[in-house]
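S.K.: Numbering of the sequence shown is given in the working numbering, commencing with residue 2 and proceeding in unit increments.
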Amino acid sequence: MRRILITFIGLAISVLSSAQFTPAADTTRVLLIGNSFTYYCNSWNMLSRIASSEGHELDIVHATQAGYSFADHLKNQETTDAILKGGYDIAILQDQSRTPAKYARDPKGNVEFRNNFITLTNRIYGWSPYAKIILENTWAYKNDDFGGFGSMEQF
2 MRRILITFIG LAISVLSSAQ FTPAADTTRV LLIGNSFTYY CNSWNMLSRI ASSEGHELDI
62 VHATQAGYSF ADHLKNQETT DAILKGGYDI AILQDQSRTP AKYARDPKGN VEFRNNFITL
122 TNRIYGWSPY AKIILENTWA YKNDDFGGFG SMEQF
């Protein structure tokens with residue numbers, strides 16, 4: 002729970018500092034695409050409340066499913082529908098938690114991560130050409146192999 006809160010406080014700071022906010026009457030449209038790391042504990046509501054406490058209003062649309070990767074989202078109608086709403090100022094993307102580490106270890110052997118990320122961002126840009134894309138980085142699990150690296154130091 003603490004890690005999730007820290008992740009979303011970091012995201013809120015990133016969103017608030019990177020967006021060019023206009024007066025409070027205007028709203029920043031945010032798209033969240035991810036899995037349980039993105040939706041656990043109603044985190045989009047938490048992100049909205051953090052922004053609101055600073056005088057910024059967010060209109061958040063989310064497409065989140067447990068364990069989903071970018072490949073899964075590319076085939077998912079809920080994700081497609083969310084992207085087609087368009088007009089987003091910010092899109093926050095999170096792949097299945099181990100996939101980015103596997104790609105970092107072996108980019109050629111895990112090229113589908115890169116290709117799926119590019120395809121997903123191109124779809125978003127098709128309906129939200131000025132959106133700022135933020136790639137969410139998740140944490141490693143306790144006693145994990147860090148995506149095949151063996152230790153945090155090797156990662």
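C-beta: ideal position from N, C-alpha, C; glycine also.
Computed from a predicted model, the values in this text were never measured in an experiment.
1) Give me, in chain order, the residues of the same chain whose beta-carbon lies closer than 7 Å to that of threonine 100; leave out the 5 immediate sequence neighbours on both sides.
2) Within this structure, are the beta carbons of isoleucine 91 and isoleucine 125 separated by less than 8 Å?
3) Could you give the C-beta distance for alanine 64 and isoleucine 34, rounded to a whole number, given that I count them as a contact under 8 Å?
4) In whole angstroms, what separates the C-alpha of glutamate 137 from that of glutamine 97?
5) Considering only their Cβ atoms, is the gap separating glycine 87 from tryptophan 45 smaller than 8 Å?
6) Assuming the contact rule is C-beta atoms closer than 8 Å, histidine 57 and threonine 39 should be a hit. Round their C-beta distance to whole Å, please.
7) Whole angstroms are fine: how far does the CA of lysine 109 sit from the CA of asparagine 117?
8) If I'm right that leucine 32 touches alanine 83 with Cβ under 8 Å, what's the distance once you round it to whole angstroms?
9) List in chain order: all unbroken alpha helix (DSSP H) runs of 4+ residues lying wholly within the stretch 78–116.
M.R.: In this structure, then:
1) Ser70 and Phe114
2) no
3) 5 Å
4) 10 Å
5) no
6) About 20 Å; that fails the 8 Å criterion.
7) 14 Å
8) 6 Å
9) 78–86 and 100–106
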